[in-house]
Amino acid sequence: MKHNQKTIYFQERQMEYFQEHTIDVQKFTRYAVDDKIEEMEMKKQGFVKKYVKEEEAGR
1 MKHNQKTIYF
11 QERQMEYFQE
21 HTIDVQKFTR
31 YAVDDKIEEM
41 EMKKQGFVKK
51 YVKEEEAGR
């Protein structure tokens, strides 16, 4: 009985980790796409986007 409870607890923690990890990947992908579109728009207008490390880390 105790072993079963531990297994269930572990599986719940594991699911939480994967859900959080998946959300991070989706966020990263969405931002990467947004940045690419923004960069293309700026190039059309004659600007080149400057990447700021602190700004990227702040997300």
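Sequential numbering from 1 applies to the sequence shown in the UniProt record's numbering.
Ideal Cβ placement from N, Cα and C applies to all residues, glycine included.
None of the values given here were measured: they were computed from a predicted structure.
Measure the C-alpha to C-alpha separation of residue i and residue j and round it to an integer number of angstroms.
i	j	result
R13	T7	10 Å
K49	M42	With a pLDDT of only 49 at K49, under 50, the local geometry of the prediction cannot be trusted, and the value read off the model is given with reservation. Spanning the two alpha carbons is a distance of roughly 7 Å.
N4	E20	25 Å
F10	E16	10 Å
K36	R30	10 Å
Excluding five sequence neighbours on each side, which residues of the same chain lie with their C-beta closer than 7 Å to the C-beta of residue i?
i	result
F18	none
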